[in-house]
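Reading through the structure tokens given below for one structure.
Protein chains: 2
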Amino acid sequence: MDKHIALAVFESLSSGLRLDVFRLLVRSGPDGLVAGEISAALDVTPTNLSFHLKALTQAGLLTVTQEGRYQRYRADLPLMQKLITYLTEECCGGNPECCFDISASRKTADTNP
Amino acid sequence: MDKHIALAVFESLSSGLRLDVFRLLVRSGPDGLVAGEISAALDVTPTNLSFHLKALTQAGLLTVTQEGRYQRYRADLPLMQKLITYLTEECCGGNPECCFDISASRKTADTNP
DNA sequence: TCAATATTTCAATAATTGTTGTACTATTGA
DNA sequence: TCAATAGTACAACAATTATTGAAATATTGA
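Residue numbers (my numbering), protein chains in the order written: chain V, 1 to 113; chain G, 1001 to 1113.
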């Protein structure tokens, strides 16, 4: 992952509202949600939500598909995975000894041994 | 990791300059760098750098120790590890099937099989 | 066809964040 | 002790980002 892509992701998730939107869509699974459902769930005006959905989509964190007059948004999990890989490499790049700790934290996050 | 801590990290890394500072300090290893070295390396005015160092430190991404009249900054790798864990859990929480992909990306990032 | 619905675009404004220069504090070394 | 150095704090300003309301676009269902 290129640095400027990582930066775009950080910029996107640096707003509490956008982070809420993204987390909501992650929890909503593969079906995602249409804009109105997000607006209702988070109690944001449609105009403001649209502004933030656009930012998240342009950063690649969301995908949109039109369904009639609805716009369905989904979280782009693969990009998040790439970000995790990037962060791991950034941390370990010059510091091999740091990788041990990261590998330990991965074990903690894992469900199966 | 609490959501508002993750948000603080995202906010910190949402500036190109702050991301550069953090990456520089990660690459600099356990000894870190003093403020003047960072200022010279990135060609930022001391005042402006101080502003961003403060932001990074308050978010917990950097630690500072005084050495005489110098201030030595180091990247806080454990926090980054916690962020990676958080992101992994956020992504996989409601979507177990997503974990397979993340586990695949982890293998790619791993150096040993 | 047409009123209702879903969402976005645009312009105006509010709020936040980034940058610069000057002044200040603390420490060193002569 | 005192001039030089390292860094931060503060205030002013510039620039960016967030929020709102009104208007526009597109789609549906009656």
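Note that the Cβ used here is the ideal one computed from N, Cα and C, for glycine as well. What you are looking at is a predicted structure, and each value in this text was computed from that prediction instead of being measured.
Chain G places a beta carbon closer than 9 Å to that of I84 (chain V), counting this residue as a contact.
Between L1053 (chain G) and Y1073 (chain G) the beta-carbon gap is near 6 Å, inside 8 Å, which marks them as a contact. Within chain G, the C-beta atoms nearer than 8 Å to that of L7 (chain V) come from L1013, S1014, G1016 and L1019, in chain order. By the C-beta criterion, the segment 1023–1034 of chain G is judged not to be in contact with the segment 14–28 of chain V, since fewer than 3 inter-stretch pairs fall below 8 Å.
In the structure shown, R74 (chain V) falls within a strand segment according to DSSP collapsed to helix, strand and coil. For L62 (chain V), same chain residues with a beta-carbon under 7 Å away, outside a window of 5 residues either side, are L25, L53, L56, Y73, R74, A75 and D76 in chain order. Taking a C-beta cut-off of 7 Å against chain V, none of the residues of the segment 1051–1074 of chain G qualify.
Around the Cβ of T1088 (chain G), a 10 Å sphere holds 16 or more other Cβ atoms; the residue is buried.
Annotation for N48 (chain V): no residue places its beta carbon closer than 6 Å to its own, counting only its chain and skipping 5 residues before and after.
If you ignore the 5 residues before and after G1060 (chain G), its C-beta comes within less than 8 Å of the C-beta of I1005, A1008, V1009, D1076 and L1079, all in its own chain and listed in chain order. Between T1045 (chain G) and chain V, the shortest Cβ-Cβ separation is not below 9 Å. Listed in chain order, the non-local C-beta contacts of V1034 (chain G) below 8 Å within the same chain comprise E1067, Y1070, Q1071, R1072 and Y1073, local neighbours out to five positions each way being set aside. In this chain, the alpha helix (DSSP H) harbouring L7 (chain V) covers K3 to S12. For V1026 (chain G), no beta strand (DSSP E) encloses it; the enclosing alpha helix (DSSP H) starts and ends at G1016 to R1027. Here Q1081 (chain G) is buried: its Cβ has 16 or more other Cβ atoms, across all protein chains shown, within 10 Å.
Counting other Cβ atoms within 10 Å of its Cβ, L1019 (chain G) reaches 16 or more and is therefore classed as buried. The contact set of V34 (chain V) on chain G, defined by CB atoms closer than 9 Å, is empty, because the minimum CB distance reaches about 18 Å. Residue pairing by DSSP places E67 (chain V) opposite V:Y70 in a beta bridge.
Linking S1014 (chain G) to E11 (chain V) through their CA atoms gives a straight-line distance of about 4 Å.
DSSP places L1042 (chain G) in the uninterrupted alpha helix (DSSP H) bounded by A1035 to L1042. At a cut-off of 9 Å between beta carbons, L42 (chain V) makes no contact with chain G. Residue contact check for E90 (chain V) against chain G: a CB pair falls below 9 Å.
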